[in-house]
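Protein chains in written order, with the working numbering: chain A, 1 to 425; chain B, 1 to 161. We put the beta carbon where it would ideally sit given N, CA and C, even for glycine. No experiment lies behind these values; they were computed from the predicted model shown. Reviewing the structure listed below.
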Amino acid sequence: MTLALILGGFALLMALGMPIAFAMITAGWAYAMIEGFDLQFLALQLFTSLDLFVLLAVPLFLLTSEVMNRSGVSDRIFNFAAAMVGDVPGGLGHVNVLTSVVFSGMSGSAVADVGGIGRLSYRAMLGQGYDRGFSAALTAASAVIGPIIPPSIPMIIFSMVSGVSVAQLFFAGAVPGLLIALALMIYVFVVARRRGYPAGARATLAQILAAFMAGFFPLLTPVILLASIYLGIVTITEAAAVAVVYALILGSFLYRQLSWADLAASLKGVFVACGSILILLPAAKLLGFVLTAEGISQMFASGVLSISSNPIFVLIAINVLFLVLGCIADPNVNIMLFVPIVMPLAAAIGVDPVHLGVVIVLNCMIGLVTPPVGGLLFAICGMEQIPLEEVTRAILPFVAILILLLLVITFVPQISLALPQFIYS
Amino acid sequence: MIARIKQLEMIIGGTCLLVMFLVICANIVSRYVFNIPLTWVEELSNFLFIWVGFLSALYALSEGEHLRIGVFVGRLSPSARRWIEVFNLIVIILVFVSFVRPSVTLLGTLNTTAAMRIPEAIPYAILPLFMILGTVQVGALILSRAMTPAPDKAAAASDRQ
């Protein structure tokens, strides 16, 4: 009874447009009031939920992409990608996808991808006469790759709530991320052929070499990051700090584009971005406390298993749940709140938690590009003043492709698990 | 006044972020160059991070930057939306206010930290600070929403100009 009241009230507050974090805090607060828990205990929970060293990687990865964005690194990556794949039919479309892949190796957030390098590709596509809706849809869809390929903020959050190793999750995302990039490029190729989108001039060997040299050091970022994590030289958080140092060295000494003012502006940008992300963790902890106290995850697990204990059914149920949730709320919120609920269920049917992490993060990311409420669609439409309807129509084939890939990745665990198993065996 | 509070939050939070980054780097250097791991770094950087988390949340509160679901209220009239927002803010301020005392009394129950051996009450002081500043900032938001003329009328007025 209490539980229904709390969850109903929570849903109502969310529908009324209360900030999600505060709706969660209010729900936890109301439960404590009704059940007579001490608020002092809840206050303690708010603090300890952030007292976790791996979480420090979140602002540090954000700082890396802020510094990179301000150091003209985006242009270098764009030129590199243009030299590599610009001459294929639909050239700039492929460039858009490839830049997202490269940039995702130094950024953990999809919105940072759209706002930085995504806009660059989008504008270049418009300049060459690509359809506006298609260009914007492709920019949003390719940004999905960002948190699948390491580093990844949603995966850090997943690791926090599930206890799975971040390093394993990071490596597990690499192959699925590349697979998505490949699928998007095939689709771009088909569309370009049909609509006669232009191919750029073939770059000469000298040009490719020059673009590669110009982009070489930024391209090295993910390599440095993953190598130092893999070799165990540093923790994930320290690796994120190393990435910041590397970005600062590139920006200030090598390219000489970064001033003190840029550094201050980057810190400010990260601070603002943290505002809406970090408070979700303590907030979800309070709501999670209610869900745990009321035994929701056991109820959920036994409820689903009583319908069927067929792993295929259960996996599809988890996918549908997170796709729907992904359309409504932010990936980090969904992971914080619902991963603890589905973990016992997944364990009951023997799903590898690392594999589950990749599947759930991908689900949440697809939600971000699914109309009518996908956050990435709003981001690109807002930044470039495009009517939402135009992108809504153009994004549908991309969503279909992503869901198809989601199913493949769900039912072929080896796509995710082969690399971490190879590395850590 | 609110602008001043927000500015302070940004400056303190940004500084915490910078110091957090610097001590993490210092630890890597100290460990590999001088073979001396700095045991206090993890604790200090965690505390700085927690301060960043709460201060940035306060900042985002006044900026209206927090994630919310806008599809349902987006269909309502501007004045209905305004009253719903005031209602939300009143709920939030109630929660903030009721947390002020418990978060202050919590400070009295704490020990010293494991690595730095400072009173735990110092890092935990962010909790009462969060509750008090939250109360002030949300209070200011309520006043500004309730005082300004209804947005639909304001919009109509600006259309006429």
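Whole-number beta carbon distance between residue j and residue i, since they are thought to touch under 8 Å
| i | j | result |
| --- | --- | --- |
| V369 (chain A) | A141 (chain A) | 6 Å |
| R132 (chain A) | L126 (chain A) | 6 Å |
| I380 (chain A) | V114 (chain A) | 5 Å |
| F271 (chain A) | L58 (chain B) | The Cβ separation is near 11 Å, so there is no contact. |
| L60 (chain A) | A240 (chain A) | 4 Å |
| I341 (chain A) | F300 (chain A) | 5 Å |
| L315 (chain A) | P176 (chain A) | Incorrect: roughly 15 Å between the Cβ atoms, too far for contact. |
| V29 (chain B) | L44 (chain B) | Actually they are not in contact, since the Cβ atoms of V29 (chain B) and L44 (chain B) sit about 16 Å apart, beyond 8 Å. |
| V95 (chain A) | S121 (chain A) | 6 Å |
| G343 (chain A) | P222 (chain A) | For the record, residue 343 (chain A) in the displayed sequence is Met; it is not Gly. About 29 Å separates the two Cβ atoms, so there is no contact after all. |
| I50 (chain B) | L50 (chain A) | 5 Å |
| L104 (chain A) | I145 (chain A) | First, the residue type needs correcting, since residue 104 (chain A) is Ser and not Leu in the sequence shown. Yes, they are in contact, since the Cβ atoms of S104 (chain A) and I145 (chain A) sit about 5 Å apart, within 8 Å. |
| T237 (chain A) | F53 (chain A) | 6 Å |
Contact set between residue i and chain A, taken where Cβ atoms lie within less than 9 Å
| i | result |
| --- | --- |
| L133 (chain B) | Simply none; closest approach about 13 Å. |
| S98 (chain B) | W29, M33, L39 |
| L143 (chain B) | Under the 9 Å cutoff, chain A gives no residues; its nearest Cβ is about 18 Å from L143 (chain B). |
Per DSSP, cross-strand counterpart(s) of residue i
| i | result |
| --- | --- |
| T204 (chain A) | DSSP lists no partner for T204 (chain A). |
| P119 (chain B) | B:T112 |
Cutoff 8 Å: residue i Cβ touching any chain A Cβ
| i | result |
| --- | --- |
| S103 (chain B) | yes |
| G139 (chain B) | no |
| A157 (chain B) | Low confidence applies to A157 (chain B): its pLDDT is 40, below 50, so where it sits in the model is not reliable, and the reading given next is rough at best. Cβ-Cβ to chain A under 8 Å: no for A157 (chain B). |
| F34 (chain B) | no |
| R160 (chain B) | In this predicted model, R160 (chain B) has a pLDDT of only 34, less than 50, meaning its place in the structure is not dependable; the value taken from the coordinates is given anyway. No, because no Cβ of chain A sits closer than 8 Å to the Cβ of R160 (chain B). |
| I50 (chain B) | yes |
| K153 (chain B) | A caution first: K153 (chain B) carries a pLDDT of 46, below 50, which makes its placement in the model unreliable, though a value can still be read off. By this cut-off, K153 (chain B) is not an interface position. |
| N46 (chain B) | yes |
| V73 (chain B) | yes |
| L38 (chain B) | no |
| I2 (chain B) | no |
| I122 (chain B) | no |
| A146 (chain B) | no |
| L129 (chain B) | no |
| N111 (chain B) | no |
Cβ of residue i within 8 Å of any chain B Cβ
| i | result |
| --- | --- |
| A265 (chain A) | no |
| G17 (chain A) | yes |
| I492 (chain A) | Past the boundaries of the shown model lies residue 492 (chain A); chain A is included only from 1 to 425, so the question cannot be answered. |
| P387 (chain A) | no |
| I450 (chain A) | With chain A covering 1 to 425 only, the question about residue 450 (chain A) has no answer from this structure. |
| L44 (chain A) | yes |
| L464 (chain A) | A question about residue 464 (chain A) goes unanswered here, because the residues of chain A that appear run from 1 up to 425. |
| I20 (chain A) | yes |
| I279 (chain A) | yes |
| A284 (chain A) | no |
| S71 (chain A) | no |
| E384 (chain A) | no |
Closer than 7 Å at the beta carbon, the chain B residues around residue i
| i | result |
| --- | --- |
| Q40 (chain A) | P102, T105, L106 |
| S142 (chain A) | Neighbours of S142 (chain A) on chain B: none; closest Cβ ~23 Å, over 7 Å. |
| M14 (chain A) | I69 |
| E238 (chain A) | I24, I28 |
| V234 (chain A) | I28 |
| L50 (chain A) | F49, I50, G53 |
| F289 (chain A) | Neighbours of F289 (chain A) on chain B: none; closest Cβ ~15 Å, over 7 Å. |
| V245 (chain A) | C25 |
Contacts that residue i makes with chain B (C-beta to C-beta distance below 8 Å)
| i | result |
| --- | --- |
| L337 (chain A) | Neighbours of L337 (chain A) on chain B: none; closest Cβ ~13 Å, over 8 Å. |
| D131 (chain A) | Those do not exist, as D131 (chain A) stays about 27 Å from chain B at its closest Cβ, beyond 8 Å. |
| D262 (chain A) | Those within 8 Å of D262 (chain A) in chain B number zero; the least Cβ separation is about 14 Å. |
| A241 (chain A) | F21, I24, C25, I28 |
Residue i: contacting residues in chain A (beta-carbon distance under 7 Å)
| i | result |
| --- | --- |
| V10 (chain B) | In the sequence as presented, Val is not what sits at residue 10 (chain B); that position holds Met. Within chain A, the residues near M10 (chain B) are K268, F271. |
| I84 (chain B) | L16, G17 |
| M20 (chain B) | L56 |
| V95 (chain B) | I25, T26, W29 |
| L17 (chain B) | P59, L267, V270, F271 |
Chain-ordered chain B contacts of residue i [CB-CB under 9 Å]
| i | result |
| --- | --- |
| S276 (chain A) | S56, A57, A60, E65, H66, L67 |
| A329 (chain A) | L67, I69 |
| F322 (chain A) | Those within 9 Å of F322 (chain A) in chain B number zero; the least Cβ separation is about 17 Å. |
| V373 (chain A) | I69, G70, V71 |
| F217 (chain A) | Those within 9 Å of F217 (chain A) in chain B number zero; the least Cβ separation is about 19 Å. |
Proximal chain A residues relative to residue i, where beta-carbon distance stays under 8 Å
| i | result |
| --- | --- |
| V136 (chain B) | Result: empty, since nearest Cβ-Cβ is about 16 Å, beyond 8 Å. |
Going residue by residue through the stretch 194–242 of chain A, where are the continuous beta strand (DSSP E) segments of at least 3 residues, counting only ones entirely within it? none
Which runs of the alpha helix (DSSP H) fall wholly inside the stretch 276–346 of chain A and span at least 4 residues, in chain order? 280–293, 296–307, 311–328
Taking only runs that begin and end inside the stretch 394–421 of chain A, name each unbroken alpha helix (DSSP H) of 4 or more residues, in chain order. Annotation note: the stretch 394–421 of chain A contains no uninterrupted alpha helix (DSSP H) run of length 4 or greater.
What are the uninterrupted segments assigned as alpha helix (DSSP H) that are 4 or more residues long and contained completely in the stretch 90–116 of chain A, given in chain order? 91–104, 110–113
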